[in-house]
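**Q** First, the structure itself, so that you have it in front of you.
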Amino acid sequence: MKIKEKIFDFFVYLSVVTVVLIFLGIVLSIFTEGIKLFKFVSFSDFAFTTQWRPTADSPLFGIGAIAVGSLVVTVGAMVVAVPLGIGSGVYLAEFAGKRFRELVKPTIELLAGIPSVVYGLFGMMVLSPWVQKYLGASIGLNLFTTSVILGVMVVPIICSVSEDALSVVPMSLREASLALGANRWETTVRVVLPAAKTGVMNSLVLGLGRAVGETMVVVMLAGGAAIIPTSIFSPVRPMPATVAMEMGETVVGSVHYYALFAISMLLFLVCFCLVLVANCLAHRGREL
Amino acid sequence: MKKLLVLFSLGALTFMGCKGEIPKVTIAGSTTVLPIAQATAESFMQEHSEVDVSVRGGGSSVGIVGIIEGTVDIGDASREAKSKEMEKARAEGVELVKHIVAFDGIAIVVDKSNDIGQISRADLQGVYCGKIINWKELGGIDKKIVVVSRDASSGTFETFVEKVMQKEKVVASSLKLGSNNAVVSSVKSTPGAIGYIGYGYINDEVNVLKVDGVMITKSGIKSGLYPISRSLQMYTNGLPTGMNGKYLDFVKSPAGQKIVAEQGFVEIN
């Protein structure tokens, strides 16, 4: 029995060590390759100029426009996803009947399991022609199309996590509020939502992380123009799309190759910070 | 237990031994040449079951640098080796030998509603560097031009820049799409759009423009009469010998060239 326990201990210990080693390996390889870029391109040229022309005769590696592309696409996705996600989360937790909730919540969570290439295909074949036809956009593959599809992808995460947070708010809080004469709407907005604040914020941060890092959808829908968008129908070129589209056709060890790693490095840092924030929020939520 | 271990290692050894004897041809490079390389490699392996031909993409640069660095046996390229690459090859003591395996022409396409019919190379350059922004400047209808380009790392982009843009840069606001098919579907659905694709990807969902008065045809591409045409080549280090030579002979043979035509390219003879 004792030996069995020891083997089990050792096995789980080994798993955790493996996971940590894999993580460190990934971080190390991305950073060692990414850092090399700055031997050829100064950091300020990389971060603060907007011309991305990696294959020109005198190549330029400014990610300004690409970073802005990522930013606007993410903000756009959140504009779509936050009201829908929190709204549906609140409805499911506070207003829906038990049967309705048990039917609808798994359905929404199912949306999170759809491969992103399927979302991309839908955006390309259905939404993009529709945007051209009914919204008068000259180009179907643009910031707007990308944001809508990304937003829809993020909704299930926000909905599910915020519903969980709302449903663990003690019943006594709601009862007290109702007893004081507040109606259900006031109770939800003034009492339940503030009580579940950290959980709801956590859902937003998780959704944000998903939107920033999503690759397939932005490759297929963003249009790929490395410019700072001038309207919501401008094509953009977010960071993950740049790495995915160019990595296959670049020479290993070239400046371009290191530049793509440097972009990956930046993406990693952004997502890492988001996860840290999410963890802090979850921690604070537990203390309350 | 011990017996099993010995058996296993013996098995592994024989397997490894076998593996060492299979002649291997590694091919890498241009994604434009990739379909030719893949299809010919498959047929070649059916005839020569003793050979293992592995084909990868990666782009023309990957193919040529692969030959210089000795990491591949055959390097595909949809452009000629640049002078920088020639120098590097000489410095490494590598002799780049070019084998033309097919020809490809880049067609200029617009959406079906556009009946402009033709464009000069100078105007094409103007459109793609963002100086000409409306079809009426070219004698067409009053409609904004939506410029569709390929991604900057594709061979088609490189050839287009070399043949049309020369020193000018492709306007940053143009769409940069990842494949010929994406360009066709985007141009098809976008009134006012202009795009460029490989000859093999022309279909009747888009209108093809004459360039400098010349319509894209097989013979025009081969003779170079059509201005935006190029040869597709496979590079080797020195004259190919052994299996590399046999494979290249196969690609140039009538059977190999039939595959080239099936893939939408133009045969060499």
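Each protein sequence line maps, in turn, to chains A and B. Basically this note's numbering = 1-based index in the first sequence + 9. Basically this note's numbering = 1-based index in the second sequence + 17. Heads up, the beta-carbon is just placed ideally off N, CA and C, and yes, glycines get one too.
1) To the nearest angstrom, report how far apart Y100 (chain A) and E172 (chain A) are at their CA atoms.
2) Pop quiz: A94 (chain B) and Q250 (chain B) are said to be a contact at Cβ under 8 Å. What is the actual Cβ separation, rounded to whole angstroms?
3) Could you give the C-beta distance for K101 (chain B) and S71 (chain B), rounded to a whole number, given that I count them as a contact under 8 Å?
4) Can you give me the C-alpha to C-alpha distance between G34 (chain B) and I85 (chain B), rounded to a whole angstrom?
5) Exposed or buried, E248 (chain A), counting other C-beta atoms within 10 Å across all chains shown (16 or more means buried)?
6) With burial defined as no fewer than 16 other Cβ atoms inside 10 Å of the residue's Cβ, what is the status of F20 (chain A): buried or exposed?
7) State the DSSP-derived secondary structure class of V214 (chain A), mapped to helix, strand or coil.
8) Just by C-beta distance, which residues in the stretch 198–218 of chain B are closer than 9 Å to chain A?
9) With 8 Å as the threshold, decide whether the Cβ of V214 (chain A) is near any Cβ in chain B.
10) May I have the straight-line CA-CA distance separating K114 (chain A) from L152 (chain A), to the nearest angstrom?
11) Less than 8 Å separating the beta-carbons of L213 (chain A) and V91 (chain A)?
12) Residues of chain B with CB closer than 7 Å to the CB of I236 (chain A), please, in chain order.
13) Rounded to whole angstroms, what is the Cα-Cα separation between E118 (chain A) and G215 (chain B)?
14) Hey, C280 (chain A) and G216 (chain A): beta-carbon distance below 8 Å or not?
15) What residue does the beta strand (DSSP E) around R247 (chain B) start on, and which one ends it?
16) Quick one: list the residues of chain A neighbouring D168 (chain B), beta-carbon separation under 9 Å, in chain order.
17) For a test of the three-state rule: what should DSSP assign to D121 (chain B), helix, strand or coil?
18) With 16 as the cutoff for other CB atoms within 10 Å, does M133 (chain A) come out buried or exposed?
19) Quick one: is T41 (chain A) buried, meaning 16 or more other Cβ sit within 10 Å of its Cβ, or exposed?
20) Counting beta carbon pairs with one atom in the stretch 218–233 of chain B and one in the stretch 61–69 of chain B, are three or more of them shorter than 8 Å?
21) Can you tell me which of B:N131, B:G156, B:F174 puts its alpha carbon nearest to the alpha carbon of S78 (chain B)?
22) Going along the chain, which residues of its own chain have a beta-carbon closer than 6 Å to the beta-carbon of L141 (chain B), five neighbours each way excluded?
23) Do S203 (chain B) and V165 (chain B) come within 8 Å of each other at the CB atom, strictly closer than that value?
24) Please confirm whether D159 (chain B) and G195 (chain B) have their CB atoms less than 8 Å apart.
25) Using a Cβ cut-off of 9 Å, pull out every chain A residue sitting near K193 (chain B), in sequence order please.
26) Under 8 Å Cβ to Cβ from L30 (chain B), same chain only, skipping five residues before and after it: list those, please.
27) So the candidates are A:V36, A:L120, A:S38, A:L150; which of them puts its Cα closest to the Cα of A234 (chain A)?
28) Might you give, ordered along the chain, the residues of its own chain that have their beta carbon closer than 8 Å to the beta carbon of K205 (chain B), omitting 5 neighbours on each side?
29) The alpha helix (DSSP H) spanning K186 (chain B) covers which residue range?
30) What in chain A is Cβ-close to S288 (chain B), meaning under 9 Å?
31) Does the stretch 227–245 of chain A touch the stretch 190–205 of chain A, meaning 3 or more C-beta pairs lie closer than 8 Å?
32) Nearest to N198 (chain B) by CA position, among B:K99, B:C146, B:A98, B:V126, is which residue?
33) Report the residue ranges of all alpha helix (DSSP H) runs contained in full by the stretch 219–245 of chain A; include only those spanning at least 4 residues, in chain order.
34) Please check if any C-beta of chain A sits within less than 8 Å of the C-beta of S71 (chain B).
35) Quick one: residues in its chain with C-beta nearer than 8 Å to the C-beta of S60 (chain B), no 5 flanking neighbours on either side, listed in chain order?
36) Please report the Cβ distance between M225 (chain A) and S125 (chain A), rounded to the nearest whole angstrom; I am assuming they are in contact, meaning their Cβ atoms lie under 8 Å.
**A** From the atom records:
1) The residue labelled residue 100 (chain A) in the question sits at position 91 within the first sequence. The residue labelled residue 172 (chain A) in the question sits at position 163 within the first sequence. Y100 (chain A) and E172 (chain A) have their C-alpha atoms roughly 9 Å apart.
2) By one-based count along the second sequence, residue 94 (chain B) stands at place 77. By one-based count along the second sequence, residue 250 (chain B) stands at place 233. Indeed they touch by this definition, with Cβ atoms about 5 Å apart.
3) Along the second sequence, read from residue 1 onward, the residue named residue 101 (chain B) stands at position 84. Along the second sequence, read from residue 1 onward, the residue named residue 71 (chain B) stands at position 54. Contact flag wrong, Cβ pair sits at about 28 Å.
4) On the second sequence, position 17 is the one that residue 34 (chain B) refers to. On the second sequence, position 68 is the one that residue 85 (chain B) refers to. Here G34 (chain B) scores only 45 on pLDDT, less than 50, and its place in the model is too uncertain to base an answer on.
5) What you label residue 248 (chain A) is simply residue 239 of the first sequence in a count that begins at 1. A small fix is needed here, since residue 248 (chain A) is Met in this sequence, not Glu. M248 (chain A) is classed as buried because its beta carbon has at least 16 other beta carbons within 10 Å across all chains shown.
6) Here residue 20 (chain A) refers to the residue found at position 11 when the first sequence is read from its first residue. Counting C-beta atoms within 10 angstroms of its own C-beta, F20 (chain A) has fewer than 16 neighbours from the protein chains shown and is therefore classed as exposed.
7) Along the first sequence, read from residue 1 onward, the residue named residue 214 (chain A) stands at position 205. It is helical.
8) Of all residues in the stretch 198–218 of chain B, those with a C-beta nearer than 9 Å to a C-beta of chain A are A199, S202, S203, S206, T207, P208, G209, A210, reading in chain order.
9) Here residue 214 (chain A) is taken as the residue at index 205 of the first sequence, counted from 1. Interface residue (Cβ-Cβ distance to chain B less than 8 Å): V214 (chain A) is not classified as such.
10) Counting from one through the first sequence, the residue named residue 114 (chain A) turns up at place 105. Counting from one through the first sequence, the residue named residue 152 (chain A) turns up at place 143. When rounded, the distance between both Cα atoms is 29 Å.
11) For the purposes of this step, residue 213 (chain A) is taken as the residue at position 204 of the first sequence. For the purposes of this step, residue 91 (chain A) is taken as the residue at position 82 of the first sequence. A distance below 8 Å separates the beta carbons of L213 (chain A) and V91 (chain A).
12) Stepping through the first sequence from its first residue, residue 236 (chain A) is reached at position 227. For I236 (chain A), the chain B residues whose C-beta falls within less than 7 Å of its own C-beta are A189, S190, listed in chain order.
13) Position 109 of the first sequence, counting from 1, holds the residue named residue 118 (chain A). Position 198 of the second sequence, counting from 1, holds the residue named residue 215 (chain B). Cα to Cα, E118 (chain A) sits roughly 43 Å from G215 (chain B).
14) In the first sequence, the residue the question calls residue 280 (chain A) occupies position 271. In the first sequence, the residue the question calls residue 216 (chain A) occupies position 207. Taking 8 Å as the cut-off, the Cβ atoms of C280 (chain A) and G216 (chain A) do not count as close.
15) By one-based count along the second sequence, residue 247 (chain B) stands at place 230. Looking at the DSSP string, the run of the beta strand (DSSP E) that includes R247 (chain B) is 246–254.
16) Working through the second sequence from its first residue, we reach residue 168 (chain B) at position 151. Neighbours of D168 (chain B) in chain A, taken as residues at a C-beta separation under 9 Å, are given in chain order as G233, M254, E255, E258.
17) Along the second sequence, one-based indexing puts residue 121 (chain B) at 104. Residue state, collapsed to three classes: strand.
18) Taking the first sequence and counting its residues from 1, one reaches residue 133 (chain A) at position 124. Classification for M133 (chain A): buried.
19) Within the first sequence, numbered from 1, the residue matching residue 41 (chain A) stands at position 32. Exposed, since its Cβ has fewer than 16 Cβ neighbours within 10 Å.
20) Result no; under three Cβ-Cβ pairs closer than 8 Å.
21) Taking the second sequence and counting its residues from 1, the one referred to as residue 78 (chain B) is at position 61. Answer by Cα proximity: B:F174.
22) Sequence index remark: in the second sequence, residue 141 (chain B) carries index 124 (1-based). Closer than 6 Å at the Cβ level, and outside the excluded window around L141 (chain B), lie V181.
23) If you number the second sequence from 1, residue 165 (chain B) lands on position 148. If you number the second sequence from 1, residue 203 (chain B) lands on position 186. Cβ atoms of V165 (chain B) and S203 (chain B): closer than 8 Å.
24) Taking the first residue of the second sequence as position 1, residue 159 (chain B) is located at position 142. Taking the first residue of the second sequence as position 1, residue 195 (chain B) is located at position 178. Taking a C-beta distance under 8 Å as the contact criterion, D159 (chain B) and G195 (chain B) do not qualify as a contact pair.
25) Counting from one through the second sequence, the residue named residue 193 (chain B) turns up at place 176. Ordered by position in chain A, the residues that pass the 9 Å Cβ test against K193 (chain B) are G232, G233, A234, A235, P244, R246, M254.
26) Counted from its first residue, the second sequence places residue 30 (chain B) at position 13. Because the pLDDT at L30 (chain B) is just 48, under 50, the model does not fix this residue reliably, and the value given afterwards should be weighed accordingly. Within the same chain, L30 (chain B) has no close Cβ partners at all.
27) Indexing the first sequence from 1 puts residue 234 (chain A) at position 225. If we check each option's Cα against that of A234 (chain A), A:L150 comes out closest.
28) As a first step, residue 205 (chain B) must be located in the second sequence, where it is residue number 188. Cβ neighbours of K205 (chain B) within its own chain (closer than 8 Å, five residues either side excluded): D128, K129, E222, V223.
29) Along the second sequence, one-based indexing puts residue 186 (chain B) at 169. Unbroken run through K186 (chain B): none, as it is neither H nor E.
30) Residue 288 (chain B) lies beyond the stretch modelled for chain B, which goes from 18 to 286, so this question has no answer here.
31) The answer is no - the stretch 227–245 of chain A does not touch the stretch 190–205 of chain A, with fewer than three Cβ pairs under 8 Å.
32) On the second sequence, residue 198 (chain B) is found 181 positions in, with the first residue counted as 1. Looking at the Cα atoms, B:V126 is the closest of the given residues.
33) Qualifying alpha helix (DSSP H) stretches, in chain order: 225–230.
34) By 1-based counting over the second sequence, the position of residue 71 (chain B) is 54. No, no contact with chain A.
35) By 1-based counting over the second sequence, the position of residue 60 (chain B) is 43. The answer, listed in chain order, is F267, A272, G273, I276.
36) On the first sequence, position 216 is the one that residue 225 (chain A) refers to. On the first sequence, position 116 is the one that residue 125 (chain A) refers to. Between S125 (chain A) and M225 (chain A) the Cβ distance is about 4 Å, and since that is below 8 Å, they are a contact.
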